[in-house]
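Participant:
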């Protein structure tokens with residue numbers, strides 16, 4: 001299996017990406033296509049023992065900046081590492097692509113080059129959040145911020161359910177619809193309509209759930225429109241940063257507290273692991289005609305390795321074929 | 335000044351509410367009207383020294399349950415402590431009311447009995463969230479979950495700005511519009527339209543802000559529709575509970591960690607204070623023709639006391655008059 005990896009995507013690229021790619025190639029027997037400036041990548045690869053690792057460099061002369069408008073990137077950077085990765089996928093020279101770069105640019109490029117899966121109304125970005133028990137997939141976290149229809153939410157539900165089953169390993173994933181109260185009657189015009197659609201389909205639909213259920217463990221898949229999902233994504237990240245900052249500030253002010261935290265630190269590390277995004281490896285862009293994962297901008301080598309693993313599993317578990325089949329079944333009223 | 339307090343509202347009612355009311359009466363020289371079953375309240379008041387405190391009991395024979403549908407409460411419980419409190423306000427026998435009870439029932443009752451302020455398109459529930467620096471008011475956190483218009487968001491902005499200035503004490507409050515990116519072009523149809531309305535008015539509008547800015551300290555007022563605001567409210571609460579639970583579980587498993595946390599505990603308490611909702615005292619229902627605050631369901635005596643203080647300050651700072659004036663100015667194009 002060949003995975004195209006955008007070597008230039010992410011705040012710590014290319015170093016963290018290249019290291020993650022090397023780790024993945026070693027452990028998973030995958031063929032990695034590192035996409036980016038040949039000289040830059042070659043230079044970095046010299047630091048690693050690549051025996052038994054299949055890593056190939058695919059040259060790309062341009063880099064899309066993290067804050068560059070997606071439209072500009074598409075128009076003016078046809079030779080960017082993102083565009084070349086997508087083209088590899090389109091031409092069947094790669095089975096999947098991952099990028100920790102500019103999310104909007106990756107989405108727009110994938111949409112343009114690869115198109116949608118058959119039957120999908122809108123692709124969506126799914127994010128795996130840790131919860132108190134294991135994890136919850138929130139879909140959509142921002143591919144569609146401009147306004148979703150009820151049918152879109154139904155498709156998000158079906159796509160999220162398949163990903164939860166095939167990649168996260170949940171047997172009969174519970175699917176909840178994000179609303180403002182648990183009662184069926186609570187919600188916006190959009191969620192009320194989506195509710196009736198979702199209860200008619202053969203998924204384990206548990207009804208309306210609330211904001212707290214992003215982390216409560218009550219659902220395996222949480223369906224929402226991309227505007228709300230994007231707010232959730234950024235709020236959870238923001239709160240994590242704030243709590244970290246507050247703890248650090250307070251600790252630096254007290255000697256006793258410092259000792260206390262040192263003694264407690266194995267516990268804190270264990271705790272940290274529970275809310276560590278690294279192991280979940282990136283956000284799958286579901287509904288695109290090709291396996292495409294977007295890594296967090298701050299991806300570490302391990303996060304890149306996990307994203308590559310999730311991408312390869314999406315290929316081997318035929319996630320996209322299953323999505324098409326599921327939507328085909330909907331259409332036929334099964 | 336006379337404040338009507340729903341003695342039966344909240345998970346720890348009537349004890350926590352009555353204690354909070356006694357504290358407020360002692361400290362703030364307010365006249366408190368405790369609304370609820372006379373015998374229950376009388377019995378509890380015996381525990382306190384009420385010299386120099388002005389506390390009166392206003393009988394109400396019914397109690398609205400926390401999970402009771404608002405429509406049922408209004409139809410079948412005309413003598414509930416919530417309904418009687420609102421009636422006191424309507425008849426000018428009280429200057430403000432507070433309840434830590436069923437939010438939907440309090441909102442519906444206030445809306446029915448008191449109506450809207452002149453010029454307000456929709457009332458909104460505002461919540462003061464702690465941030466890394468001080469606090470951010472999020473408006474609306476759920477009074478309008480069924481779909482807001484751009485004009486509503488503009489009104490939320492003006493009402494939140496006045497509350498931030500008069501009650502929270504910010505001099506020139508920054509007002510941000512919640513969206514999915516900072517650029518003016520980012521957002522939903524609703525936020526794009528609201529953006530153009532908001533930039534035309536004489537408030538300190540700082541443009542689009544993101545989910546992380548609920549806690550980043552970047553804005554004093556964060557404007558959003560009630561669906562998104564409600565998700566934010568419940569997610570922040572849910573994350574708080576999860577972090578608390580995780581820390582507690584981990585600590586109970588390790589002796590060294592226990593010692594560590596004991597040593598660090600003054601620090602943890604200090605930290606806890608920063609993210610303690612008690613001092614902000616309840617969520618003001620802005621745009622209602624009467625000062626009405628809704629306390630958190632888990633309100634402690636101190637939280638009730640703070641809510642009573644915020645209610646009395648809303649009266650003395652003429653928050654409602656200022657809102658009407660501000661909306662009048664809008665209408666006249668000032």
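Protein chains in written order, with my numbering: chain A, 1 to 334; chain B, 335 to 668.
Where is the CB? At the ideal position from N, CA and C, for every residue including glycine.
(1) Using the Cα positions of residue 510 of chain B and residue 484 of chain B, report the straight-line distance between them to the nearest angstrom.
(2) Going along the region 480 to 492 of chain B in order, which residues come within less than 7 Å of chain A, judged by CB to CB distance?
(3) For residue 237 of chain A, decide whether its Cβ has a neighbour in chain B, counting only Cβ atoms nearer than 8 Å.
(4) Less than 8 Å between the C-beta atoms of residue 574 of chain B and residue 476 of chain B, yes or no?
(5) Check distances from the C-beta atoms of the region 122 to 143 of chain A to those of chain B and list, in chain order, the residues that come in under 8 Å.
(6) How about residue 607 of chain B: is its C-beta nearer than 8 Å to some C-beta of chain A?
(7) For residue 222 of chain A, which residues in chain B fall below 8 Å Cβ to Cβ?
(8) Which residues mark the beginning and the end of the beta strand (DSSP E) in which residue 174 of chain A is found?
(9) Given residue 490 of chain B, which residues of its chain have a CB within under 7 Å of its CB, disregarding the five upstream and five downstream residues?
(10) When the Cα atoms are used, what is the spatial distance from residue 312 of chain A to residue 130 of chain A?
(11) When the distance is taken between beta carbons, is residue 319 of chain A closer than 8 Å to residue 82 of chain A?
(12) What three-state label does DSSP hand residue 136 of chain A in the structure shown?
(13) Measuring only the C-alpha atoms, how far is residue 231 of chain A from residue 212 of chain A?
(14) Under 8 Å, Cβ to Cβ, is there at least one residue of chain A near residue 566 of chain B?
(15) Do the CB positions of residue 108 of chain A and residue 522 of chain B come within less than 8 Å of each other?
(16) Could you pull out every residue in the same chain whose Cβ sits closer than 7 Å to the Cβ of residue 374 of chain B, ignoring the five residues on either side in sequence?
(17) Give the range of the alpha helix (DSSP H) segment to which residue 112 of chain A is assigned.
(18) Just by C-beta distance, which residues in the region 156 to 188 of chain A are closer than 9 Å to chain B?
(19) Note down, in chain order, each residue of its chain lying with its Cβ closer than 6 Å to the Cβ of residue 410 of chain B, except the 5 sequence neighbours on either side.
(20) For residue 498 of chain B versus residue 622 of chain B, is the C-beta distance shorter than 8 Å?
(21) Please work out which residues of its chain come closer than 6 Å, Cβ to Cβ, to residue 430 of chain B, disregarding the five sequence neighbours upstream and downstream, and give them in chain order.
(22) Based on Cα-Cα distance, which residue from B:629, B:452, B:425 and B:448 lies nearest to residue 462 of chain B?
(23) Measuring CA to CA, which of B:549, B:516 and B:393 is closest to residue 540 of chain B?
(24) Would you check if the distance between the CB atom of residue 436 of chain B and the CB atom of residue 394 of chain B is smaller than 8 Å?
(25) So for residue 421 of chain B, helix, strand or coil by DSSP?
(26) For residue 388 of chain B, write down the residues that DSSP places opposite it in a beta bridge.
(27) Which residue or residues does DSSP assign as beta-bridge partners of residue 130 of chain A?
(28) Given residue 48 of chain A, which residues of its chain have a CB within under 7 Å of its CB, disregarding the five upstream and five downstream residues?
(29) Under 8 Å, do residue 555 of chain B and residue 471 of chain B count as touching if we go by C-beta distance?
(30) State yes or no: is the beta carbon of residue 544 of chain B nearer than 8 Å to at least one beta carbon in chain A?
(31) Below 8 Å on the Cβ atoms is my guess for residue 100 of chain A versus residue 238 of chain A; work out the distance and round it to an integer in Å.
(32) Counting only runs of 4+ residues fully inside the region 501 to 578 of chain B, write out the alpha helix (DSSP H) ranges in chain order.
(33) 8 Å is my cut-off, CB to CB: does residue 227 of chain A come that close to chain B?
(34) Check whether chain A comes within 8 Å of residue 550 of chain B, counting only Cβ atoms and requiring the distance to be less than that.
(35) May I ask you to report which of helix, strand or coil DSSP gives residue 275 of chain A?
(36) Hey, out of A:204, A:219, A:154 and A:228, whose CA is closest to residue 196 of chain A's CA?
Facilitator: On the basis of the data shown:
(1) Within the second chain, the letter at position 176 stands for residue 510 of chain B. Within the second chain, the letter at position 150 stands for residue 484 of chain B. Residue 510 of chain B and residue 484 of chain B: Cα-Cα distance of roughly 14 Å.
(2) Residues of the region 480 to 492 of chain B whose Cβ lies closer than 7 Å to any Cβ of chain A, in chain order: 480 and 481.
(3) The residue given as residue 237 of chain A occupies position 237 in the first chain. So, interface residue.
(4) Along the second chain, one-based indexing puts residue 574 of chain B at 240. Along the second chain, one-based indexing puts residue 476 of chain B at 142. One thing to note: residue 574 of chain B has its Cβ no nearer than 8 Å to the Cβ of residue 476 of chain B.
(5) Per Cβ criterion, the list reads 131, 132 and 142.
(6) In the second chain, counting from the first residue as 1, residue 607 of chain B sits at position 273. With a pLDDT of only 49 at residue 607 of chain B, under the threshold of 50, the placement of this residue in the model should not be trusted; the figure read from the coordinates follows. Not flagged as an interface residue toward chain A: residue 607 of chain B, since no C-beta distance is shorter than 8 Å.
(7) Your numbering for residue 222 of chain A matches position 222 in the first chain. Against chain B, a Cβ distance below 8 Å from residue 222 of chain A picks out nothing, because the smallest value is about 10 Å.
(8) To locate residue 174 of chain A, count along the first chain from 1; it is residue 174. Following the DSSP letters along the chain, one finds residue 174 of chain A inside the beta strand (DSSP E) bounded by residues 174 to 178.
(9) Translated into positions along the second chain, residue 490 of chain B becomes position 156. Correct list, in chain order: 458, 473, 474 and 557.
(10) Taking the first chain and counting its residues from 1, the one referred to as residue 312 of chain A is at position 312. Taking the first chain and counting its residues from 1, the one referred to as residue 130 of chain A is at position 130. Rounded to whole angstroms, residue 312 of chain A to residue 130 of chain A spans 21 Å at the Cα level.
(11) Against the first chain, residue 82 of chain A aligns to sequence position 82. Against the first chain, residue 319 of chain A aligns to sequence position 319. The beta carbons of residue 82 of chain A and residue 319 of chain A sit no closer together than 8 Å.
(12) On the first chain, residue 136 of chain A is found 136 positions in, with the first residue counted as 1. Three-state result, residue 136 of chain A: strand.
(13) As a first step, residue 231 of chain A must be located in the first chain, where it is residue number 231. As a first step, residue 212 of chain A must be located in the first chain, where it is residue number 212. Residue 231 of chain A and residue 212 of chain A have their C-alpha atoms roughly 14 Å apart.
(14) The count along the second chain starts at 1 and reaches residue 566 of chain B at position 232. Yes, residue 566 of chain B counts as interfacial toward chain A.
(15) If you number the first chain from 1, residue 108 of chain A lands on position 108. If you number the second chain from 1, residue 522 of chain B lands on position 188. No. Outside cutoff.
(16) For the purposes of this step, residue 374 of chain B is taken as the residue at position 40 of the second chain. Within the same chain, residue 374 of chain B has close Cβ partners 348.
(17) By 1-based counting over the first chain, the position of residue 112 of chain A is 112. That run of the alpha helix (DSSP H) goes 103 to 114.
(18) Correct list: 178, 179, 180, 181, 183, 185, 186, 187 and 188.
(19) As a first step, residue 410 of chain B is located in the second chain; it is residue number 76 there, counting from the start. Apart from the 5 residues on each side of it in sequence, residue 410 of chain B has no Cβ closer than 6 Å to any other Cβ in its chain.
(20) Here residue 498 of chain B refers to the residue found at position 164 when the second chain is read from its first residue. Here residue 622 of chain B refers to the residue found at position 288 when the second chain is read from its first residue. Not closer than 8 Å, so no.
(21) As a working note, residue 430 of chain B is residue 96 in the second chain. Result list for residue 430 of chain B: 337, 625, 645 and 649, in chain order.
(22) By 1-based counting over the second chain, the position of residue 462 of chain B is 128. Selection B:629, B:452, B:425 and B:448 evaluated against residue 462 of chain B yields B:629 as nearest (Cα-Cα).
(23) For the purposes of this step, residue 540 of chain B is taken as residue 206 along the second chain, with counting starting at 1. It is B:516 whose Cα lies nearest to the Cα of residue 540 of chain B.
(24) Here residue 436 of chain B is taken as the residue at index 102 of the second chain, counted from 1. Here residue 394 of chain B is taken as the residue at index 60 of the second chain, counted from 1. Using a Cβ distance threshold of 8 Å, residue 436 of chain B and residue 394 of chain B do not count as a contacting pair.
(25) If you number the second chain from 1, residue 421 of chain B lands on position 87. Secondary structure of residue 421 of chain B (DSSP, three-state): helix.
(26) Looking up residue 388 of chain B in the second chain gives position 54. Beta-bridge pairing links residue 388 of chain B to B:365.
(27) On the first chain, residue 130 of chain A is found 130 positions in, with the first residue counted as 1. Answer is A:135, bridged to residue 130 of chain A.
(28) Along the first chain, read from residue 1 onward, the residue named residue 48 of chain A stands at position 48. Excluding sequence neighbours, residue 48 of chain A sits near 22.
(29) As a first step, residue 555 of chain B must be located in the second chain, where it is residue number 221. As a first step, residue 471 of chain B must be located in the second chain, where it is residue number 137. Contact flag set, yes.
(30) To locate residue 544 of chain B, count along the second chain from 1; it is residue 210. Using a Cβ-Cβ cut-off of 8 Å, residue 544 of chain B counts as an interface residue toward chain A, since at least one Cβ of chain A sits closer than that to its own.
(31) Counting from one through the first chain, the residue named residue 100 of chain A turns up at place 100. Counting from one through the first chain, the residue named residue 238 of chain A turns up at place 238. That pair is no contact at about 19 Å.
(32) You should have 523 to 533.
(33) Stepping through the first chain from its first residue, residue 227 of chain A is reached at position 227. Taking Cβ atoms only, chain B reaches closer than 8 Å to residue 227 of chain A, which makes this a yes.
(34) As a first step, residue 550 of chain B must be located in the second chain, where it is residue number 216. True, the Cβ-Cβ gap to chain A drops below 8 Å.
(35) On the first chain, residue 275 of chain A is found 275 positions in, with the first residue counted as 1. Reliability of the predicted coordinates at residue 275 of chain A is poor, the pLDDT of 46 falling under 50, and the value obtained from them is presented with this limitation in mind. Look at residue 275 of chain A here: in three-state DSSP terms it is coil, with no helix or strand label.
(36) Residue mapping note: residue 196 of chain A aligns to position 196 of the first chain, counting from 1. The shortest C-alpha separation from residue 196 of chain A is found at A:154.
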